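In the working numbering, the protein residues as written are -12 to 1219. The structure appears right after this line, and notes come after that.
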C-alpha cells in the first residue's frame, strides 16, 4: 500500500527532481505521507488506465459539487472525483442529459494546498494529455497522473513570472511551458527534469502567450505578447540539446492572438500528413499556413467582431459526406469571434491544399472559447460563463451549462503585458481582457475548465450514458425516445443495431423494476420501444403481468393504437380476449377496425363471431368468414336478406365485397390465394345467381340475392357486374354463355312490374354498353328492346344524369355500328330528335355531313353551352361548317346564352359583319345594348354614331351613376354636342355637367351645378357635398374661364352659400379657396355686404388673418427668390470676369489648322489645357465644332477661350517676328 502513496506537493517541490534545496521541508517538519494517506489515498491497481478511460467511467450523475457552493448530495463521493452539479440549463437537448459535469477533487485539493502552504499562487494555465499539468501564477508546474496523484512539481528559479501556457507533445513525454516574462522551458513528464530553458527564443521584453507542439515531434510554435509567432526547432547534437528559433509572423504586420496547429492522427494514411499546417488569427483576419516542407500561406479570410473579443480556432477530423454521396475524413477548423462560428474543411484537391467553407452558426452571446467535443459537437463558452453545446450538422444548440461558480481563470494579464511593463497595443490589451486560451482546453469528448483552485470537466455523455442518466432521474419518456432514436439511426449498421436493441431491453427491465408504484407512467413509450425492436414476448408476458388488474385499460389503448397503425398484426390470445371485451364495452366500431387489422389466428373465433353478429359489425363478419372459415358465400347468404335501402353501410359493404371477390382480391385488403381465386369467383357468382335462398319461406321471388343488390343500388350493382365481365373467366365461350345468362336474369328480375323506369333504364344502358364493347353478341331482339328504351320521347322523373347515360349508351351503339341492321341513320336521326338526345343528333349529322344544323344541337342542350363556343372556334376557318350562317341565324339565342363569348368570336373572326348584325338588332334594344356594351368592353373601335347609340341605350337602361361612369371611361369617340343632347333629353344633369366640362363650357356647367345645388333637398351633407363639387369645378376651370367670368361664378356661389346656416361648416374652406381666384378687396366687400352671413366674426377674422399671412409669406418668398437669383447672377458674372482676366499658357504660336502664326489681326481661339490655338476663320472654314484638338487630340472643354482681337499691349508684332513666340503679361497658367 505504501508503494502507491502519492508524494506530497511539498516533498516534490523540495526533492532533487524538483529543486536542489531541501531546507524548507526540514524546517516545516510536516509529515506529508500521513497527510496524503488521509486525504488522497488511491486503491492499489496493477495496470493504470488512461486518463480518458478513467474520466469516462466515473459515475457522476448526482447533484452538487461542494466547490461550487452548492449542497452536497446524499451519495458518498469518491475520494478522487466530485459529483455532478445541478447545472442550469435551458431545457433543450434533454434538459441536462447530454453534458456531464465533474469536479476533480484530488487535483483541486492539491491546488489549494499548494497555494496555502508553499505560496504557489492561483492556477494560471493547464494542459491535458496522458497527464494533467497545471501552471500557477508564481511560476510552479504541478503534474498529475490519471488517478489525480501528484507525480512531480517544478518551480522556476529565474523569476519569470506566471506560467502562461502549457503543452504536451504527441506521446506525452515532453511538456513545454511558457512564462509571462519570456522563458520557454521543456520538462520531462516522467521525471520532472528540466531539459531545456530558452530565454531568447521570442521577441525581447515580451511574455509568452501560447506554446504549441506541431505534428512534427521536434517542432513547436510560440506566440508572444508582441503578436509575433516563432517556430522552435529542437535539436540534439552529440548529446547536447539545442533549439533554433525562427520568426514565422511578425507582430508588426498584425498581432497574432490565436495559434492552433493541425495534429493528424491518421498515421500516414491522409494526404495532409506530409504537411505541417498551422492556423493563425489576428484581430482582423485568420489564415492557414504550412510550416513544413516550406512556409506558404494556403488561405486567409477577413475576421470581424467586437473589439473586446478574441478570435477562436479549433481543429478536428470529421467524416464528411459530399453531394455525390462520397465520404472522406478531413480536418475541419472552426473559427469564431463575437457570436459567430464558421466551419471550413481542409483537403487536398489536384495536389493543392484547399479550404472549403461548410457552414455558419450564430449564437446569442459573445464567445470566450470554442472547442470540439468529438466530431459532431462544439462546446463554446460565452462571456456569461455559460457553456453552449452546438450540434455541427444541424447548427442547433443542444444544451447549455452555467459555469459561473467555477471561478474561471482568465489570462488577461498576459495580453496586457503586466509582467513586462505593459508594452502591448491598446487594441491587443482590450481584446484579451477575457482571454482563456490556456484555462479552457479539450481532449476527446471532454472539456477541462480551470478555476483558480479547482479543475472541472465537462464531458459529453454517450447514447447509453444519457439513457442511464435519464432513467436515474426517472425521465422515462425522454429515455425511451432517445433509445428509440438510436435504434432507428443504426438501420445500416447491424452491430450497432443489436447493441441498441440490448439497451432498449435493459431499459425495459429497469422500467419494470422501478414502476411498482406507478406502472402506467410512460407506458406508451415503453410499448412503442418494445414493438419497434420486435420484442413482443416481453410485451405479452412481463409487462402484461406487471399491469394486470391495475392499468390494463391504458395498455389495451396503446396496443390498439399500434394495431391501427399496422405496426403489429398479432397479439397474445389472452390479450386479444381482453381487447375484444374492452372495446365491445367502449366502442364496437373501433373493435371492428381492429379486427380488420389483426391476424385472425390470434383471435378467439367463438368470442369474436358472436360479438360481430350481435353488434352488426358486418365488415368484421365478412373478414372472419373469408379468412378464418374460408367461406366466401356465407356472408352473402346471411347478410343479403338484411339489405334494405335504409341499410346503406351494409349494402355498400356487400357491393365492395362482391366486387373484390369477382376481381380476385381479398376483403378488405390483400389478395385471395392464387389456388382459390377461380373457385371463389365461381362460388360467389353461383350464390348471387341462385334461384332460391337457403331460408326460402315459399313466398319469395326468384333470384333473391341478386334482386336485393339491384333493389339497393341498381347502378352500382351493374357497375360491379361490368367489372366482373372484364375478368378472363368471362372471355372464353363458357364465359360468354355466363354473360348471356346473367343478362337474361337481369332482364327477368327488372321487369316493368318489379322495377321503376329509372332502374330499367340503367339496365338497358348497361346492356347497350356491353353490346358496344362486344361483351355481348348482337342479338336483334335484345337490340330492339334496348333501342325502344333509348328512343323514348319522355321518361317520367328522368334526371339529367340518367338522360346523359341514355345518350352515351345510344352513342356507343352507333359508334360500334350495332344498330345498322335495325334502322337507317335517317331513322335514327328522327328518333334522336324526338328523344332530345342531341349528342346522338350531332353524331349522326356529322356522319351524314349535314354541318349547317349542328349548332342547333348545342343550343338546345343546356349542358353543352360552354363547349358550343369551342366548337365554333375550332371550325370557324372551315367553310363547309357554315359557322357564320348558323351564328347569324341563332344570333339572338347566342347573345342570351353568353354575350361576351359571342361578341369575342365575332370581333376576332367576323369584324366586317358587325354593322350588319347591329342593323338586325335595331328593334330589339336590350340585345342591341348588350351587344354594343360587349363590343365597347373589348375596346372594339366603334363609330361615333354607334357609341352615341350605346350612350342613349345606357341612359335608358342604366342608372345615372352608371351613365356617368360610362362617360368617364369613354371620354372620346363620340361627338360632344350630340352626347350632350342625348343626356339632356334624359335629364341626367350630372352627366351633362361632365360633358360641359369636357367641352370646356365651364360657365354652363357652373349654372347647371348651381341649379342642382338649389334643388338639393336631401339635407346638409348633400348640399355641402354639392357645394364642394362646384368649388372643385371652378378650380379646374380657373385656367379656362376669363377672370371676370370666374369672379362672377365665385360671387354667385358665395352669395348663395354665405347666408345658409346649414352650410356654415364649409364656409371657411370656400372663402379660402375663393381668395386664390378673385380679388381680396372684392371678396371682403362681398362678405361685409352680405346680410345674415352664416359665419361668425371670428371666422371672418381668421379668413382675413390667413389672407394676410399668405400675402406676407408670398412677399417674403419673392424677396428671398430675388435675392438668390441676384446672388447666382453675381457669382456667374464674377466667374466669367475671372476667366476673362486669367492669363493663358500657350504652347504654340501657330494655328493648329492652317499652321500660320497667330500674331495677325484675326480673332484667336485657345482650345484647352493643351495650350494649342487656332484662328476663328479656320474654325469657320472647317464648318465643324472640334471635339478634340486637331494637333494633339486631347479633349476640348465645352467652352473655348476666345481673344476678341489682338491686344497691342499683349503682343508686339516686331518682337513676335523676331522671336516667333507670344509675349504674355500675366504669369502662365494651364487652362483646364
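Where is the CB? At the ideal position from N, CA and C, for every residue including glycine. Since this is a predicted model, take the numbers as computed values, not measurements.
Exercise for the section: Give the single residue among 587, 528 and 415 whose Cα lies nearest to the Cα of residue 550. Expected result: Indexing the chain shown from 1 puts residue 550 at position 563. Minimum Cα distance to residue 550 is reached at 587.
Exercise for the section: Can you tell me which of the three DSSP states residue 871 falls into? Expected result: As a working note, residue 871 is residue 884 in the chain shown. Residue state, collapsed to three classes: helix.
Problem - Cβ contact check for the region 1017 to 1025 and the region 989 to 1002: 3 or more pairs under 8 Å - result: Because the criterion of three Cβ pairs below 8 Å is met, the region 1017 to 1025 and the region 989 to 1002 touch.
Practice task
Note down the Cα distance separating residue 90 from residue 523, rounded to an integer number of angstroms.
Solution key: Numbered from 1 along the chain shown, position 103 holds the residue referred to as residue 90. Numbered from 1 along the chain shown, position 536 holds the residue referred to as residue 523. If you take the alpha carbons of residue 90 and residue 523, they lie about 43 Å apart.
Problem - Pairwise C-alpha distance: residue 579 and residue 596 - result: Here residue 596 corresponds to residue number 609 of the chain shown, with the count starting at 1. Here residue 579 corresponds to residue number 592 of the chain shown, with the count starting at 1. For residue 596 and residue 579, the distance between alpha carbons rounds to 11 Å.
Practice task
Compute the Euclidean distance between the alpha carbons of residue 615 and residue 635, then round it to the nearest angstrom.
Solution key: Residue mapping note: residue 615 aligns to position 628 of the chain shown, counting from 1. Residue mapping note: residue 635 aligns to position 648 of the chain shown, counting from 1. One Cα belongs to residue 615, the other to residue 635, and the distance between them is close to 26 Å.
Problem - Sequence-distant residues of its chain with Cβ nearer than 8 Å to residue 726 (five each side left out) - result: The residue labelled residue 726 in the question sits at position 739 within the chain shown. Contacts found: 712, 717, 757, 762 and 763.
Problem - In DSSP terms, what residue 211 is bridged to - result: The sequence position of residue 211 within the chain shown is 224, counting from 1. Secondary-structure assignment with DSSP links residue 211 through a beta bridge to 195.
Practice task
Would you identify the three-state DSSP class for residue 489, choosing helix, strand or coil?
Solution key: Reading the chain shown from its first residue, position 502 is the one you call residue 489. In the structure shown, residue 489 sits in a helix (DSSP, three-state: H, G or I).
Problem - Contact under 8 Å by Cβ, residue 248 with residue 265 - result: Here residue 248 refers to the residue found at position 261 of the chain shown. Here residue 265 refers to the residue found at position 278 of the chain shown. Yes, the Cβ-Cβ distance between residue 248 and residue 265 is below 8 Å.
Handout entry: First and last residue of the uninterrupted alpha helix (DSSP H) at residue 636
Key = Within the chain shown, residue 636 is the residue found at index 649, counting from 1. It spans 635 to 650 - the alpha helix (DSSP H) in which residue 636 sits, taken as one unbroken run.
Practice task
Following the continuous beta strand (DSSP E) through residue 231, name the residue where it begins and the one where it ends.
Solution key: Within the chain shown, numbered from 1, the residue matching residue 231 stands at position 244. Segment 227 to 236, the beta strand (DSSP E) holding residue 231.
Practice task
Check residue 337 in the structure and name its three-state DSSP category.
Solution key: Walking along the chain shown from the start, residue 337 turns up at place 350. Residue state for residue 337 is assigned as coil, using DSSP reduced to three classes.
Practice task
Report back the beta-carbon spacing between residue 830 and residue 798 to the nearest angstrom; my notes put them in contact at under 8 Å.
Solution key: Along the chain shown, read from residue 1 onward, the residue named residue 830 stands at position 843. Along the chain shown, read from residue 1 onward, the residue named residue 798 stands at position 811. Contact flag correct, Cβ pair sits at about 6 Å.
Problem - For residue 664, the three-state DSSP class (helix, strand or coil) - result: One-based indexing of the chain shown puts residue 664 at position 677. In this structure, DSSP gives residue 664 a helical state, which the three-state scheme calls helix.
Exercise for the section: Please check the pair residue 141 and residue 127, which I expect to be a contact at CB under 8 Å, by giving their CB distance rounded to whole angstroms. Expected result: Start at 1 with the first residue of the chain shown, and residue 141 comes out as number 154. Start at 1 with the first residue of the chain shown, and residue 127 comes out as number 140. About 7 Å; that satisfies the 8 Å criterion.
Handout entry: residue 498 in three-state terms, based on DSSP
Key = Residue 498 sits at position 511 when you count from the first residue of the chain shown. Assigned with DSSP and collapsed to three states, residue 498 falls in helix.
Exercise for the section: Taking all protein chains shown into account, decide if residue 1111 is buried (16 or more other Cβ within 10 angstroms of its Cβ) or exposed. Expected result: Counted from its first residue, the chain shown places residue 1111 at position 1124. So residue 1111 ends up on the exposed side.
Handout entry: Pair within 8 Å by beta-carbon distance, residue 789 and residue 742
Key = Here residue 789 is taken as the residue at index 802 of the chain shown, counted from 1. Here residue 742 is taken as the residue at index 755 of the chain shown, counted from 1. Cβ atoms of residue 789 and residue 742: not closer than 8 Å.
Handout entry: Burial state of residue 1180 (16 or more Cβ within 10 Å)
Key = One-based indexing of the chain shown puts residue 1180 at position 1193. Residue 1180 sits exposed, since fewer than 16 C-beta atoms from the chains shown fall within 10 Å of its C-beta.
Practice task
Measure the C-alpha to C-alpha separation of residue 222 and residue 491 and round it to an integer number of angstroms.
Solution key: Taking the chain shown and counting its residues from 1, one reaches residue 222 at position 235. Taking the chain shown and counting its residues from 1, one reaches residue 491 at position 504. Taking the straight line from one Cα to the other gives about 56 Å.
Handout entry: Where residue 908 sits in the DSSP three-state scheme
Key = Counting from one through the chain shown, the residue named residue 908 turns up at place 921. Note: residue 908 maps to coil in three-state DSSP.
Exercise for the section: Identify the continuous beta strand (DSSP E) that holds residue 272 and give its terminal residues. Expected result: As a position in the chain shown, residue 272 is number 285, starting the count at 1. For residue 272, the enclosing beta strand (DSSP E) covers residues 272 to 279.
Handout entry: For residue 650 and residue 657, the rounded distance between their alpha carbons
Key = Locating residue 657 in the chain shown gives position 670, where the first residue counts as 1. Locating residue 650 in the chain shown gives position 663, where the first residue counts as 1. One C-alpha to the other measures close to 12 Å.
Handout entry: Segment limits, alpha helix (DSSP H) that includes residue 144
Key = Reading the chain shown from its first residue, position 157 is the one you call residue 144. For residue 144, no alpha helix (DSSP H) encloses it, and the DSSP letter there is neither H nor E.
Exercise for the section: Inspect the beta-carbon positions of residue 132 and residue 155 and report whether they are closer than 8 Å. Expected result: Stepping through the chain shown from its first residue, residue 132 is reached at position 145. Stepping through the chain shown from its first residue, residue 155 is reached at position 168. No, Cβ-Cβ distance for residue 132 and residue 155 is not below 8 Å.
Problem - Given residue 440 as reference, the closest of 376, 112, 892 and 979 once Cα atoms are compared - result: Looking up residue 440 in the chain shown gives position 453. Selected option, being the one with the closest Cα: 112.
Exercise for the section: Give a yes or no on whether the C-beta atoms belonging to residue 1266 and residue 599 are separated by under 8 Å. Expected result: What is shown of the chain runs -12 to 1219, which leaves residue 1266 out entirely.
Handout entry: Exposure label - residue 448; buried when at least 16 CB within 10 Å
Key = The sequence position of residue 448 within the chain shown is 461, counting from 1. Burial call: buried.
Problem - Three-way DSSP call (helix, strand, coil) for residue 509 in this model - result: Translated into the one-based positions of the chain shown, residue 509 becomes position 522. Here residue 509 sits in coil by DSSP.
Handout entry: Nearest residue (CA-CA) to residue 1008, options 1018, 965, 1053 and 985
Key = Against the chain shown, residue 1008 aligns to sequence position 1021. Among 1018, 965, 1053 and 985, the Cα nearest to that of residue 1008 is on 1053.
Handout entry: Identity of the residue in 324, 205, 202 and 209 nearest residue 189 by Cα
Key = Taking the chain shown and counting its residues from 1, one reaches residue 189 at position 202. Cα-wise, what sits closest to residue 189 is 209.
Practice task
Spatial neighbours of residue 629 within its chain, please: CB distance less than 8 Å, with the 5 preceding and 5 following residues excluded, ordered by chain position.
Solution key: Here the question's residue 629 lines up with position 642 in the chain shown. Excluding positions up to five away in sequence, the list reads 637.
Problem - Alpha-carbon spacing of residue 508 relative to residue 502, whole angstroms - result: The sequence position of residue 508 within the chain shown is 521, counting from 1. The sequence position of residue 502 within the chain shown is 515, counting from 1. Near 7 Å, if we compare the C-alpha coordinates of residue 502 and residue 508.
Handout entry: Residues of its chain near residue 602, where Cβ-Cβ distance is below 6 Å and the 5 sequence neighbours each way are ignored
Key = As a working note, residue 602 is residue 615 in the chain shown. Excluding sequence neighbours, residue 602 sits near 575.
Handout entry: Stretch pair the region 344 to 357 + the region 419 to 434: three plus CB contacts closer than 8 Å
Key = Three or more beta-carbon pairs drawn from the region 344 to 357 and the region 419 to 434 are found closer than 8 Å, and the two stretches are therefore classed as touching.
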